[in-house]
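Asks: As given, the protein sequences belong to chains A and B, one line each in that order. Quick note: the first sequence uses full-length UniProt numbering, first residue 1, plus one each step. Quick note: the second sequence uses full-length UniProt numbering, first residue 1, plus one each step. Cβ atoms here follow ideal geometry from the backbone N, Cα and C, with glycine treated the same way. Since the structure is predicted, the reported quantities are computational estimates derived from the model, not experimental observations. Sharing a structure below in structure tokens format, with a few things to ask.
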Amino acid sequence: MDEGGLAERIPILRMGEFLLVTIQVDMHDRLAIRLQEELTQRISATRAKGVLIDITALDIVDSFIGRILGNIAQLSRVLDAQTVVVGMQPAVAITLVELGLPLPGIRTALNLERGIALLHAALGTSPPAESRHDRRGE
Amino acid sequence: MGSTGENRLLTVLIENRQKLVDDWIEEQSALKVWQNGLIGRAELTEQCTEFVQLLSGTLNSDYSADFKTAAWDALRDFLRDIVASRLEQGFTPMAIATFVLSFKQPLFENLRRAYGEDAGALVETIWSSTALIDKLALWTTEVFQLEREAVITRQQQEMLELSTPVVQLWRGILALPLVGTLDSSRTQEVMESLLQQIVETSAQFVIIDITGVPTVDTQVAQYLLKTVAAARLMGTECIISGIRPQIAQTIIHLGLDLSSVTTKAVLADAFAVALARSNLKICPASDHG
Chain A
1 MDEGGLAERI
11 PILRMGEFLL
21 VTIQVDMHDR
31 LAIRLQEELT
41 QRISATRAKG
51 VLIDITALDI
61 VDSFIGRILG
71 NIAQLSRVLD
81 AQTVVVGMQP
91 AVAITLVELG
101 LPLPGIRTAL
111 NLERGIALLH
121 AALGTSPPAE
131 SRHDRRGE
Chain B
1 MGSTGENRLL
11 TVLIENRQKL
21 VDDWIEEQSA
31 LKVWQNGLIG
41 RAELTEQCTE
51 FVQLLSGTLN
61 SDYSADFKTA
71 AWDALRDFLR
81 DIVASRLEQG
91 FTPMAIATFV
101 LSFKQPLFEN
111 LRRAYGEDAG
121 ALVETIWSST
131 ALIDKLALWT
141 TEVFQLEREA
151 VITRQQQEML
161 ELSTPVVQLW
171 RGILALPLVG
181 TLDSSRTQEV
191 MESLLQQIVE
201 TSAQFVIIDI
211 TGVPTVDTQV
221 AQYLLKTVAA
231 ARLMGTECII
241 SGIRPQIAQT
251 IIHLGLDLSS
261 VTTKAVLADA
271 FAVALARSNL
281 KICPASDHG
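This is the structure:
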């Protein structure tokens, strides 16, 4: 898989005014730094207002990755975009807390759907019709 | 086959089986270890008969003085069952061991009758019998101990599971009523099961109610805060309710920062907060028309 580390990259998808990053491989340090760089460029290029980082598939997080996640949140805030981390597994959450990295300032949501709703709420924009219906419970 | 002592013992066991059992039961009735009528006479007769049969069976097979060998299996299992049932009926370890030890009197009486003429043979046989029976009595005590420990371990586990239920109050709202003293291992268990439940029910709010917790020490308070932080990382908000005045004082005294956590006096208030933030409200049924 790791052919010089160059072939490996984490895709950044565009979803309206949001960017979606789904991490589906075990993150190693170089990959994380690369993601941070690419994401920063994409935010400024697309003028994205929000970033969703889906880590549902991530089983292991070390302190470095934790810090990178924090960095991404801070960077995107500077670039006028909100970051939401979604789908963190219990074991990962416990590890981060035990490592003393409770990621202050990062918004979190249980799943992608909630994350999108959270971003819309934070930005004061109207969510897509379907989720608005869901929120009002009408 | 063992030594001559065991051979003589075996002979007596086989020849006087019925008499031994009868004498043994008389002996136990006199001892009154089962006076509370927990064991019927028929049951006791059955047990005594089986014991004598198994003992002669053990001596008859490839007998070895080593209690751990396969020859003893049947007798060991039989005694284990006896101990388990006696334990359930509330017998003391002494009363249980007496079941085996009381066999000595009738046995020695029968040995005396058989070998009374030959003092040497009698002493030798009595010695090997007494060693044998002591070993069996000690085994019952050991089983008693093991059974007791197993019961305690099981109860501990059950209590641990019982005392940390995660309940769903509404779709997306979980409650974790904590009861009893929290120690580190229990708090850890609570934390893990709670986070797992959050995933399973995709809860947005968790109310940790500590009304039933008498005291909180530094470590437990830290664990609670860690649980709150971990739940937040997963996208769930925690509300702590039912903090007693003493605990509040402890928390402030310890210098713990609860400013990032919503706290409410009672579970109902916390539930109301969770409902409000979920855009839900409770209204009288009549309003619904």
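1. By the 10 Å Cβ neighbour count, where 16 or more other Cβ atoms means buried, how is Pro284 of chain B classified, buried or exposed?
2. Would DSSP call Gln168 of chain B helix, strand or coil?
3. State yes or no: is the beta carbon of Ala122 of chain A nearer than 7 Å to at least one beta carbon in chain B?
4. For residue 158 of chain A, does the three-state DSSP call read helix, strand or coil?
5. Which chain B residues are close to Asn111 of chain A, counting only those with a beta carbon under 7 Å from its beta carbon?
6. Excluding the 5 residues flanking Thr263 of chain B on each side, which residues of the same chain have their C-beta closer than 8 Å to its C-beta?
7. Give me the Cα-Cα distance between Leu39 of chain A and Val78 of chain A, rounded to the nearest whole angstrom.
8. For the beta strand (DSSP E) containing Phe205 of chain B, list its first residue and its last residue.
9. Using a Cβ-Cβ cut-off of less than 8 Å, give me the residues of the segment 161 to 190 of chain B that come near chain A, in sequence order.
10. Please check the pair Phe205 of chain B and Ala274 of chain B, which I expect to be a contact at CB under 8 Å, by giving their CB distance rounded to whole angstroms.
11. Could you tell me the alpha carbon to alpha carbon distance between Ser202 of chain B and Val86 of chain A, rounded to whole angstroms?
12. Which chain B residues sit within Cβ distance under 7 Å of Arg77 of chain A?
13. Do you know how far the Cα of Pro177 of chain B is from the Cα of Ile210 of chain B?
14. Cβ of Thr153 of chain B within 7 Å of Cβ of Leu79 of chain B?
15. Can you name the start and end residues of the beta strand (DSSP E) that Leu176 of chain B belongs to?
16. Spell out the partners DSSP gives Asp54 of chain A in its beta bridges.
17. Can you list the residues of chain B that Leu52 of chain A reaches, using a CB-CB cut of under 9 Å?
18. What residues in the segment 5 to 28 of chain A bring their beta carbon closer than 7 Å to a beta carbon of chain B?
19. Can you look up Ser260 of chain B in the DSSP assignment and give me helix, strand or coil?
20. On the three-state DSSP scale, how would you describe Ile282 of chain B?
21. Select from B:Leu87, B:Thr164, B:Arg113 and B:Pro245 the residue whose C-alpha is nearest the C-alpha of Glu142 of chain B.
22. Looking only at its own chain, which residues have a Cβ that is under 7 Å from the Cβ of Arg34 of chain A, when we skip the five neighbours before and after it?
23. With DSSP run on the structure shown, which of helix, strand or coil describes Thr125 of chain A?
24. Does at least one heavy atom of the ligand MN sit under 6 Å from the Cβ of Val85 of chain A?
25. By Cβ distance, which residues of its chain are closer than 8 Å to Val21 of chain B, with the 5 residues on each side in sequence left out?
26. Would you kindly report the start and end of the unbroken beta strand (DSSP E) that includes Val237 of chain B?
27. Between A:Ala109, A:Asp59, A:Arg14 and A:Phe64, which has its C-alpha nearest Gln24 of chain A's C-alpha?
28. If we cut at 7 Å on Cβ distances, does Ile43 of chain A have a partner in chain E?
29. Any idea what DSSP makes of Arg107 of chain A, helix, strand or coil?
30. Can the beta-carbon of Phe103 of chain B be found less than 7 Å from the beta-carbon of Ile133 of chain B?
31. Since Val199 of chain B and Pro90 of chain A should fall inside the 8 Å C-beta cutoff, what is the C-beta to C-beta distance between them, to a whole number of angstroms?
32. Which same chain residues end up closer than 7 Å to Asp147 of chain B when comparing Cβ atoms and leaving out the 5 residues on each side of it in sequence?
33. Just curious, the alpha helix (DSSP H) that Ile198 of chain B is in, first and last residue?
34. So the candidates are B:Val179, B:Gln246, B:Met191 and B:Gln168; which of them puts its Cα closest to the Cα of Pro230 of chain B?
35. For chain B, check one thing: does any of its Cβ atoms lie closer than 7 Å to the Cβ of Leu119 of chain A?
36. For the alpha helix (DSSP H) holding Leu225 of chain B, just list the boundary residues, first then last.
Replies: In brief:
1. Counting the other Cβ atoms within 10 Å of the Cβ of Pro284 of chain B gives fewer than 16, which makes it exposed.
2. Of the three classes helix, strand and coil, the one that applies to Gln168 of chain B here is strand, per DSSP.
3. Ala122 of chain A does not count as touching chain B.
4. Outside the modelled stretch of chain A, which goes from 1 to 138, sits residue 158 of chain A, for which no answer is possible.
5. The answer, in chain order, is Ser202.
6. The residues are Ile239, Ile240, Ser241 and Ile243.
7. When rounded, the distance between both Cα atoms is 13 Å.
8. Segment Phe205 to Gly212, the beta strand (DSSP E) holding Phe205 of chain B.
9. So nothing in the stretch comes that close.
10. Indeed, because the Cβ distance is near 4 Å, the residues count as touching under 8 Å.
11. The C-alpha of Val86 of chain A is placed about 12 Å away from the C-alpha of Ser202 of chain B.
12. Near Arg77 of chain A there are no residues of chain B at all, since even the closest Cβ is about 18 Å away, more than 7 Å.
13. The alpha-carbon of Ile210 of chain B is positioned some 6 Å away from that of Pro177 of chain B.
14. The Cβ-Cβ distance between Thr153 of chain B and Leu79 of chain B does not fall below 7 Å.
15. Taken as a continuous stretch (DSSP letters only), the beta strand (DSSP E) holding Leu176 of chain B covers Ile173 to Val179.
16. The beta-bridge partner set that DSSP reports for Asp54 of chain A consists of A:Thr22 and A:Val86.
17. Near Leu52 of chain A there are no residues of chain B at all, since even the closest Cβ is about 12 Å away, more than 9 Å.
18. Hits within the stretch: zero.
19. DSSP places Ser260 of chain B outside both helix and strand once states are collapsed to three, so it counts as coil.
20. In the three-state reduction of the DSSP assignment, Ile282 of chain B falls in the coil class, being assigned neither a helical nor a strand state.
21. It is B:Leu87 whose Cα lies nearest to the Cα of Glu142 of chain B.
22. Leaving aside the five residues that flank Arg34 of chain A on each side, the residues in its chain whose CB is nearer than 7 Å to its CB run, in chain order, Arg9.
23. Three-state result, Thr125 of chain A: coil.
24. Absence of the ligand MN is noted for the structure shown, with no ligands found whatsoever.
25. Excluding positions up to five away in sequence, the list reads Thr45, Cys48, Thr49 and Val52.
26. It should be noted that the sequence gives Glu, not Val, for residue 237 of chain B. Segment Glu237 to Ser241, the beta strand (DSSP E) holding Glu237 of chain B.
27. Of A:Ala109, A:Asp59, A:Arg14 and A:Phe64, the residue nearest in Cα terms is A:Asp59.
28. Absent from the structure: chain E. Protein chains present are A and B.
29. Judged by DSSP in its simplified three-state form, Arg107 of chain A adopts strand.
30. Taking C-beta atoms as the reference points, Phe103 of chain B and Ile133 of chain B count as a pair closer than 7 Å.
31. Contact annotation, Val199 of chain B with Pro90 of chain A: C-beta distance approximately 6 Å; criterion of less than 8 Å satisfied.
32. Sequence check: residue 147 of chain B is Glu here, not Asp. If you ignore the 5 residues before and after Glu147 of chain B, its C-beta comes within less than 7 Å of the C-beta of Val83, Ala84 and Leu87, all in its own chain and listed in chain order.
33. Taken as a continuous stretch (DSSP letters only), the alpha helix (DSSP H) holding Ile198 of chain B covers Ser184 to Thr201.
34. Inspection of the sequence shows that residue 230 of chain B is occupied by Ala rather than by Pro. Cα-wise, what sits closest to Ala230 of chain B is B:Met191.
35. Chain B has no Cβ within less than 7 Å of the Cβ of Leu119 of chain A.
36. Per DSSP, the unbroken alpha helix (DSSP H) holding Leu225 of chain B starts and ends at Thr218 to Leu233.
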